[in-house]
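Participant: Here you go, one structure.
Residue numbers (our numbering), protein chains in the order written: chain A, 651 to 781; chain B, 10 to 193.
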């Protein structure tokens, strides 16, 4: 399925407008889902369902938003920060996300900032190209 | 497990049953369910909502749809999951519902996964569209970052008489008997 990045972004934007009740001009590529767009945990499931429909893809739960598993594993989290092992896991699970800035201070409270509109677009693009 | 269930617990759950649909008239497992509700002036809240102008509160129409769709979703896993209304995605109302009206609640599963389900729904009276209500349900044991909930299924508990009554006209639904037999 050939879809340009702009087309993907446009569809992602529509999904987020419907799922989060935000205005489309709030949905910039850098916007974070939780911090900027006010998403809560159930919204992530809603977004996953909508993306699956719109793009005709299957999204395993831990693929797009894998943070939940990480945060609940003591091997990956120590004193509120991701351990080296945790960071490796994150790199492995979120290849669609740039975590360079996060690596310098891997505070789990900032983990949410990694879930950006851009990360979704990257993920969908990767998924569509692989298909 | 049945022994651990105290009488008090049972009473609380029984009192909390709060049903806003009268019966199912169609039930396609995993896909779609249709329930009806007859609205009557014998429902006391209609006397206050509003004096001289009794109309069914829209919040209760959402609850009725949540029950229709929630039972549809619960039946997929034979009522073993704790299915909780997690999000009202859309609720738009086009007309009042008054005493004497029979409304039809038509719910469809749009997506379902081990963690959650999303449903769409329409409420109609005769052929008139009354409301469109889209919902999200969470299977809570599989969500909320591993928080633990009581083992007992407080959503679809062991008391099945309510379900049996609601599902009496769609007897092919496996859940009508399953809800009771497997629980405790």
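Built from N, CA and C at the ideal position, the CB exists for glycine as well. The structure displayed is predicted, hence computed values, not measured ones.
For a contact defined as C-beta to C-beta under 8 Å, what are the partners of residue 657 (chain A) on chain B?
Facilitator: Under the 8 Å cutoff, chain B gives no residues; its nearest Cβ is about 22 Å from residue 657 (chain A).
Participant: What's the C-alpha gap between residue 778 (chain A) and residue 702 (chain A)?
Facilitator: Distance between the alpha carbons of residue 778 (chain A) and residue 702 (chain A) is about 11 Å.
Participant: So what's residue 21 (chain B) in DSSP terms, helix, strand or just coil?
Facilitator: Because residue 21 (chain B) carries a pLDDT of 46, less than 50, the predicted location of this residue cannot be relied on, and no value is offered for it.
Participant: Would you kindly report the start and end of the unbroken alpha helix (DSSP H) that includes residue 751 (chain A)?
Facilitator: Counting along the chain, the alpha helix (DSSP H) containing residue 751 (chain A) begins and ends at 750-754.
Participant: Whose C-beta lies closer than 7 Å to the C-beta of residue 682 (chain A) among residues of the same chain, with five residues either side of it excluded?
Facilitator: The answer, listed in chain order, is 762, 763, 765 and 766.
Participant: Looking at the structure shown, is residue 733 (chain A) part of a helix, part of a strand, or coil, going by DSSP?
Facilitator: If DSSP states are grouped into helix, strand and coil, residue 733 (chain A) belongs with coil.
Participant: For residue 741 (chain A), which residues in chain B fall below 9 Å Cβ to Cβ?
Facilitator: Neighbours of residue 741 (chain A) on chain B: none; closest Cβ ~21 Å, over 9 Å.
Participant: Report yes or no: is there a C-beta of chain A within less than 9 Å of the C-beta of residue 196 (chain B)?
Facilitator: Here chain B comprises residues numbered 10 to 193, so residue 196 (chain B) is not present and cannot be evaluated.
Participant: Give the range of the beta strand (DSSP E) segment to which residue 697 (chain A) is assigned.
Facilitator: Residue 697 (chain A) -> not in any beta strand (DSSP E); alpha helix (DSSP H) instead, spanning 691-705.
Participant: For residue 103 (chain B) and residue 45 (chain B), what's the separation of their Cα atoms in angstroms?
Facilitator: The straight-line gap from Cα to Cα measures roughly 18 Å.
Participant: So for residue 110 (chain B), helix, strand or coil by DSSP?
Facilitator: If DSSP states are grouped into helix, strand and coil, residue 110 (chain B) belongs with coil.
Participant: Closest to residue 712 (chain A) by C-alpha separation, out of A:744, A:772 and A:704, would be which residue?
Facilitator: Selected option, being the one with the closest Cα: A:744.
Participant: Nearest to residue 787 (chain A) by CA position, among B:133, B:120, B:144 and B:176, is which residue?
Facilitator: No answer is possible for residue 787 (chain A): it lies beyond the span of chain A, which begins at 651 and ends at 781.
Participant: For residue 674 (chain A), which residues of its own chain have a beta-carbon under 6 Å away from its beta-carbon, when the five flanking residues on both sides are left out?
Facilitator: The answer, listed in chain order, is 663 and 667.
Participant: Count the other CB atoms within 10 Å of the CB of residue 42 (chain B); is the residue buried (16 or more) or exposed (fewer)?
Facilitator: Buried, because 16 or more other Cβ atoms sit within 10 Å of the Cβ of residue 42 (chain B).
Participant: Rounded to the nearest angstrom, what separates residue 738 (chain A) and residue 723 (chain A) at their Cα positions?
Facilitator: Residue 738 (chain A) and residue 723 (chain A): Cα-Cα distance of roughly 14 Å.
Participant: Can you give me the start and stop residues for the beta strand (DSSP E) that residue 30 (chain B) sits inside?
Facilitator: From DSSP, residue 30 (chain B) is part of no beta strand (DSSP E); its letter is neither H nor E.
Participant: CB-CB under 8 Å to residue 788 (chain A), same chain, minus the five flanking residues each way: which ones, in chain order?
Facilitator: Residue 788 (chain A) lies beyond the stretch modelled for chain A, which goes from 651 to 781, so this question has no answer here.
Participant: Mind listing which residues of the region 86-100 of chain B have their C-beta closer than 8 Å to chain A's C-betas, in chain order?
Facilitator: Here the close residues are 95, 96 and 98.
Participant: Quick one: grab the DSSP three-state call for residue 762 (chain A).
Facilitator: If DSSP states are grouped into helix, strand and coil, residue 762 (chain A) belongs with the helices.
Participant: Does the pairing of the region 106-122 of chain B with the region 81-92 of chain B give three or more beta-carbon distances under 8 Å?
Facilitator: Yes, they touch.
Participant: The beta strand (DSSP E) with residue 129 (chain B) in it runs from where to where?
Facilitator: Note, residue 129 (chain B): beta strand (DSSP E), 125-134.
Participant: Using a Cβ-Cβ cutoff of less than 8 Å, which residues in the same chain neighbour residue 655 (chain A) once the five nearest sequence positions on both sides are dropped?
Facilitator: Counting only Cβ-Cβ distances below 8 Å, and skipping sequence neighbours, we find 771 and 775.
Participant: Can you list the residues of chain B that residue 692 (chain A) reaches, using a CB-CB cut of under 7 Å?
Facilitator: Near residue 692 (chain A) (Cβ distances below 7 Å), the residues of chain B are 95, 96, 145 and 147.
Participant: Identify the residues that DSSP records as bridge partners of residue 757 (chain A): which are they?
Facilitator: According to DSSP, residue 757 (chain A) bridges with A:731.
Participant: Between the beta-carbon of residue 65 (chain B) and the beta-carbon of residue 99 (chain B), is there less than 9 Å?
Facilitator: No, they are not a contact pair.
Participant: Hey, could you find the ends of the beta strand (DSSP E) residue 104 (chain B) is sitting in?
Facilitator: Note, residue 104 (chain B): premise wrong, no beta strand (DSSP E); not H, not E.
Participant: State the start and end residues of the unbroken alpha helix (DSSP H) segment that holds residue 78 (chain B).
Facilitator: First-last of the alpha helix (DSSP H) with residue 78 (chain B): 67-85.
Participant: I want to see whether chain B comes within less than 9 Å of residue 675 (chain A), judged by CB atoms only; does it?
Facilitator: For residue 675 (chain A), the answer is no, since every Cβ of chain B falls outside 9 Å of its Cβ.
Participant: Answer yes or no: do residue 38 (chain B) and residue 85 (chain B) have a C-beta to C-beta separation smaller than 9 Å?
Facilitator: Against a cut-off of 9 Å, the Cβ pair of residue 85 (chain B) and residue 38 (chain B) comes out as a contact.
Participant: So that I know if they touch, is there some Cβ in chain A lying closer than 9 Å to that of residue 119 (chain B)?
Facilitator: Residue 119 (chain B) counts as touching chain A.
Participant: Pull up the distance between the alpha-carbon of residue 720 (chain A) and that of residue 758 (chain A), whole angstroms please.
Facilitator: Their backbone Cα atoms lie some 9 Å apart in a straight line.
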